[in-house]
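Residue numbers (the numbering used here), protein chains in the order written: chain A, 1 to 355; chain B, 1001 to 1355; chain C, 2001 to 2355; chain D, 3001 to 3355.
Protein chains: 4
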Amino acid sequence: MSEHRTKVAIVGASGYSGEELVRLLLQHPHVDLASVTSRQYAGQTLAQVFPRFAHHPPARTIRFCEPKVDLLARQAQVVFLALPHGVAAEFAVPLLQQGCQVIDLSADFRLKDPAIYKEFYGHDHPAPDLLARAVYGLPEIYRASIRGSLLVASPGCYPTGILVPLIPLLRARLVQPRGIIANSLSGVSGAGRKAEPAYLFCECHESVRAYGVPKHRHLSEIEEQLSLVAGTGVILQFTPHLVPVNRGILTTLYLEPVSPVSGPGGVSAVADPIAACYQAAYGEEPFVRLLEGKALPDTKNVVGTNVVELAWRLDPRTGRLIVISAEDNLVKGASGQAVQAMNIMRGYPETAGLL
Amino acid sequence: MSEHRTKVAIVGASGYSGEELVRLLLQHPHVDLASVTSRQYAGQTLAQVFPRFAHHPPARTIRFCEPKVDLLARQAQVVFLALPHGVAAEFAVPLLQQGCQVIDLSADFRLKDPAIYKEFYGHDHPAPDLLARAVYGLPEIYRASIRGSLLVASPGCYPTGILVPLIPLLRARLVQPRGIIANSLSGVSGAGRKAEPAYLFCECHESVRAYGVPKHRHLSEIEEQLSLVAGTGVILQFTPHLVPVNRGILTTLYLEPVSPVSGPGGVSAVADPIAACYQAAYGEEPFVRLLEGKALPDTKNVVGTNVVELAWRLDPRTGRLIVISAEDNLVKGASGQAVQAMNIMRGYPETAGLL
Amino acid sequence: MSEHRTKVAIVGASGYSGEELVRLLLQHPHVDLASVTSRQYAGQTLAQVFPRFAHHPPARTIRFCEPKVDLLARQAQVVFLALPHGVAAEFAVPLLQQGCQVIDLSADFRLKDPAIYKEFYGHDHPAPDLLARAVYGLPEIYRASIRGSLLVASPGCYPTGILVPLIPLLRARLVQPRGIIANSLSGVSGAGRKAEPAYLFCECHESVRAYGVPKHRHLSEIEEQLSLVAGTGVILQFTPHLVPVNRGILTTLYLEPVSPVSGPGGVSAVADPIAACYQAAYGEEPFVRLLEGKALPDTKNVVGTNVVELAWRLDPRTGRLIVISAEDNLVKGASGQAVQAMNIMRGYPETAGLL
Amino acid sequence: MSEHRTKVAIVGASGYSGEELVRLLLQHPHVDLASVTSRQYAGQTLAQVFPRFAHHPPARTIRFCEPKVDLLARQAQVVFLALPHGVAAEFAVPLLQQGCQVIDLSADFRLKDPAIYKEFYGHDHPAPDLLARAVYGLPEIYRASIRGSLLVASPGCYPTGILVPLIPLLRARLVQPRGIIANSLSGVSGAGRKAEPAYLFCECHESVRAYGVPKHRHLSEIEEQLSLVAGTGVILQFTPHLVPVNRGILTTLYLEPVSPVSGPGGVSAVADPIAACYQAAYGEEPFVRLLEGKALPDTKNVVGTNVVELAWRLDPRTGRLIVISAEDNLVKGASGQAVQAMNIMRGYPETAGLL
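Here is the structure:
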């Protein structure tokens, strides 16, 4: 089943996530990049807009075009949407009708509840009927559903770094669903390629700052996912910070173990129920790395890869469990995860194009 | 009293804190830098070792010398110790005996309890008799004691960014002394000028990582100070992270209000007991900046200054109080605070040389 | 004469140069900052727009206002113009008429020849009659003229780092006026606070690139100044590059000595005519640092200061003279130099507020 | 011929070049990484030392071992030497005797003349007999010789960025062989993973500086190669600078055209002999990118790739030709180029593992 090739399109390929999709799909062994759209760059080749890809021969012939549903549906079997929320749904609906598989990197299909969408995004959901059909594209959790799905809502960058470490612990009832704190540090590419003064080099370099305190939009999708797993409404304390790196998110989670846990963190899978839980959940996952010994996650070890790094420590002085995750916000936090979902949907090896 | 001049010496002026002391003292209006010591640089002028100071005429004549107590005591009325812990005490004892005032930037005199020193630093305290005489050099809290003191233990960089926001809230019984979490992000100069691979440019640039989890040495001094204020043993959750900036510490504190607090954070000093508390504690402090409106602390706004920035938000969804502080780890977190203490000890305007 | 105080205004205080002027003038011992203008920020205090200055008490009361000539002329004896070229002249003319001294940081009055202005800036000079009255504000070269002047054209950032090393060598006929190459590396603040995609953090961080090849606007002012000194038309090869630092310009000059020079560079002022020339020109200058021994300029040693660092090497293999300069583009390359000129114009010690 | 697999070893895999070789060889479609050596890390797996590779299954089983020639020769058909100069030759000699193909990333076999080696490296060449057998591993120039060679001396990082743009112009007699200036800017990884204070984060971040002026070791290999092509002794002016990026070298070349060239740079391959020359030399090269229109090289467009970007401008005011190149110092400047050479030696598609 794995040697058939898939024609794919990227709608909205001019932002950082779209550019990263281009990078990954140009080097994917089973994919032909059939079309990339951008109103801003229509008519130019990929190589002209993104010189860094020019040594890939297809980048010298593929031209950005205006996004037109009929054309996209003829050219591509899978369409990636790298568009602002609200706009993505406008493309997803007709593309699905014309038989495409859609992988949406926006927030439009990540929530099950349109009321929560309205609360966090400020407008009615543009296609509420589709919410039930969309699968939340976190392969480590929803692999089976992704396999047969036509519409995948690829998770946000912060949610990925929070849900991957939390879901197994909540499922196993090892930590309390209340009182969870997620303190996240993100590179500047997370803000997108927006020409706003706040993201100018001189405003970010030698700057460390929190933002969006206390109610960031990503909370909605994180809390919905955690609540599904915990079987109870989970309310999260989430503080994003901006740090001067291009890529990478480091999240430090503060958790309350359900019962006192005796073993030292990260040492013995036998004595340590946290380690056992993570080993059972992720021991065979190609893109989750459980750190051993004294190692702690470092964004530089995941940048450019589709990997989430995890480490954990029980603090005997406070009784808390500290879990730390690192990911590349543009790969596992966006485009790499979308490609991973595509691999599953199309029956390819899950790591194809991602190692 | 303020127009007398003071002769000062810096012992151990080759590290980042020592270099920052040189910067501040060269431009101080009431101070003559009489002596700087460094075994490594003995014989060279300040201008040769630190070209950035060469346009200050004294930097072209002052030479680093070997640290000798008798000579220091003859040359200087105030001696700053920028030495490793353990070594600092060896100088403090004889310098005090010879009548110098001593401001120590190491950890040697920050703790009252020598047993805690041993627990965290791994060896017996070298001069336990002096602990009772030393004053913890946080002017916003201990100004009166600093004024008459002969030995000031200047606070650590992380402790300053944690104690300044926490002490007024604990004193006013506005937050619980239990369950406090301090999540701190530090620039690389906090690691000192040590030639270790972990602090090479390529290992830090494009890297974000936690370290020292879960028991950092600075915990001892933070907890001792908080416990004094709270009247009960405070155990802190503290996670330091390394981020790729030269200078600056941003700390995000997660706190439990004692009673539900209704007002919005940072808006009205009347309706908001947190704002009222901070206004009472710091409204007149020259080096504490209470941010208003939507502003949040940003290290780039404090780097190079002796200021701590504070902002706070009540999260109505979780009931928690989030307080964020920013400081320059080498100024308010080290050398600037030491100069502030000296200004108090010598009867100068507290902001002299620091604006 | 030096204890009189001067009231100053800054027109256009919202860009990086304007902000740096604010920093320097707030801490200047003989100056009262009477007025700052910015259409964008009118009504807000300095402390609100630039939190980093909020610990200076005047920053909490001075409010940005609309730029109005009559008001400025009543409030200030010296007006600094930190405006785009073309706009600056519109303010300079009436301010001079109303008796203000004007220090212009734009390009409007740097050139003597209005034809060259038109060639490089694309429009007629807005006030050609004033060109003869304006003094080029490079104190190390034109100190005497600055002293009595009413209109100072403060040099550009690149020109400062090129003219300071070149003028003494050309005056002394030690290097050929033909074939000069200036290869400059600038921090991103040189591009101003413009919200353009090219200056976003992610587009500059981990990026090194040339730009404006081969005819940058600053060439006009550099070549005019060099030609004046050389007594012949000097045509310069100038290549600016953008490197990921906030501040700093490093310029490497490639020069042809007039006669073969035998001595080693930078070692002996007796044997080395280059060293002798620089020593004679700058040995007593407070803001030019002649590096000795093996030291080479480094932007980190001048950032935040008004200093230009210089070093030179004769290459016996090629016969060329290499001269390297470093400066802070916002201080010696803009606002610090403007304050230095003001100190001269007002009879203050030249280093006042700049050490 | 291309489906046979090759067993390779890396001797000295703990530095930045060695680590980059690991990255490239782990993802190479025709290679099995049989052995990696490092005295420092012997006994640890690749995944333990370099967590970033841990998601590649072989990285979890391959262990660093002590470098032993007999063992290497049994395990590998091709051995990459990523060792200091002088040490590399000690391994190359016996490995060649035992039938291995050797690709040396040090300077040991780059020069033809052992006298020049001694002049620049300060000691006798350890294996002068081998110099005649070694091929300089710049595929764009010496592809045919590399194909049949047993010993490839992979070029240095600076030489690659200088030779690629210069050799075609010198060969075509379009530029003078005298008076060439190469002004290069390098990221900090070029200094290697050496724990020296000069390369600490805080000493490099916000720093721009020249070094090694005027006689850098790489001059020897650059000049020897240029002289071979020009048919006359070429003496180069070369100034390396350190800029705060992890990776990337940008070189700006200042050249004298042989005859006045009329056409505008980089526009028309017909009217412009420079463009025609580059088109002929590199139009079909997969790893040389000739920029068109207004585009100029930018290290961020080559980092992580094996590409050299080139652009050129004729300056009508000075008559000079400016050529600018960008490369990743660790890929095209070191390990990628070595893999490219291996692909040629082993009959693989030249881009295998490098796209």
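We treat Cβ as the ideally placed atom computed from N, Cα and C, and that holds for glycine.
Presumed contact (8 Å Cβ cut-off) between residue i and residue j, rounded CB distance
| i | j | result |
| --- | --- | --- |
| D/CYS3277 | D/PRO3168 | 5 Å |
| D/ILE3181 | D/GLN3237 | 4 Å |
| C/ALA2054 | C/ARG2110 | Not confirmed; about 34 Å, so no contact. |
| B/GLY1161 | B/SER1038 | The pair is not a contact, with the Cβ atoms about 28 Å apart (cut-off 8 Å). |
| D/PRO3164 | D/VAL3308 | Contrary to the premise, residue 3164 of chain D reads as Val rather than Pro in this sequence. Rounded, the Cβ-Cβ distance is 5 Å, consistent with contact. |
| B/LEU1150 | B/VAL1093 | With a Cβ gap of about 12 Å, B/LEU1150 and B/VAL1093 do not count as contacting. |
| A/PRO177 | A/LEU170 | 6 Å |
Beta-carbon spacing of residue i, residue j below 7 Å
| i | j | result |
| --- | --- | --- |
| C/ASN2306 | C/LEU2354 | yes |
| D/GLU3223 | D/VAL3234 | yes |
| C/LEU2296 | D/ALA3210 | yes |
| D/PHE3201 | B/TYR1199 | yes |
| A/TRP312 | A/VAL323 | yes |
| D/VAL3049 | D/ILE3010 | no |
| A/LYS7 | A/ASP32 | yes |
| A/THR252 | A/VAL213 | no |
| D/GLN3075 | D/ALA3034 | yes |
| D/LEU3330 | D/HIS3241 | no |
| C/SER2335 | C/LEU2072 | no |
| B/GLN1101 | B/MET1345 | yes |
| D/ALA3089 | D/ASP3108 | yes |
Rounded C-alpha distance that separates residue i from residue j
| i | j | result |
| --- | --- | --- |
| B/THR1299 | D/ASP3104 | 46 Å |
| D/PHE3091 | D/LEU3081 | 8 Å |
| A/LEU46 | A/GLY18 | 12 Å |
| D/GLY3347 | D/ARG3143 | 12 Å |
| A/HIS218 | B/TYR1282 | 35 Å |
| C/GLU2327 | C/GLY2248 | 6 Å |
| C/ALA2269 | B/GLY1086 | For C/ALA2269, the predicted structure reports a pLDDT of 38, less than 50, and the residue's modelled location is therefore unreliable. A value from the coordinates is still provided. Using only the alpha carbons, I get a separation of about 46 Å. |
| D/PRO3126 | A/PRO51 | 43 Å |
| C/GLY2266 | C/LEU2314 | Confidence at C/GLY2266 is low in this model, with a pLDDT of 42, below 50, so the placement of that residue should be treated as unreliable; the coordinate-derived value is given next. One C-alpha to the other measures close to 9 Å. |
| C/GLN2044 | A/HIS216 | 28 Å |
| A/PRO57 | D/VAL3339 | 20 Å |
| C/LEU2290 | C/LEU2310 | 5 Å |
Proximity test, Cβ basis, 7 Å: residue i and chain C
| i | result |
| --- | --- |
| D/SER3207 | yes |
| A/LEU200 | yes |
| B/VAL1307 | yes |
| B/ARG1143 | no |
| D/VAL3331 | no |
| B/PRO1051 | yes |
Any chain D beta carbon closer than 7 Å to residue i
| i | result |
| --- | --- |
| A/PRO54 | Reading off the sequence shown, one finds Ala at residue 54 of chain A, where the question assumed Pro. Interface residue, yes. |
| A/PRO165 | no |
| C/ASP2298 | yes |
Min CB distance residue i to chain B below 7 Å
| i | result |
| --- | --- |
| D/ASN3301 | no |
Any C-beta of chain A under 7 Å from that of residue i
| i | result |
| --- | --- |
| C/GLU2020 | no |
| D/ARG3289 | yes |
| C/VAL2188 | yes |
Closer than 8 Å at the beta carbon, the chain G residues around residue i
| i | result |
| --- | --- |
| D/GLU3196 | Protein chains in the displayed structure are A, B, C and D, and chain G is not among them. |
Can you list the beta strand (DSSP E) stretches of 3 or more residues lying completely in the stretch 3031-3069 of chain D, in chain order? 3031-3037
Alpha helix (DSSP H) runs contained entirely in the stretch 70-130 of chain A, provided each spans 4 or more residues: 87-97 and 114-121
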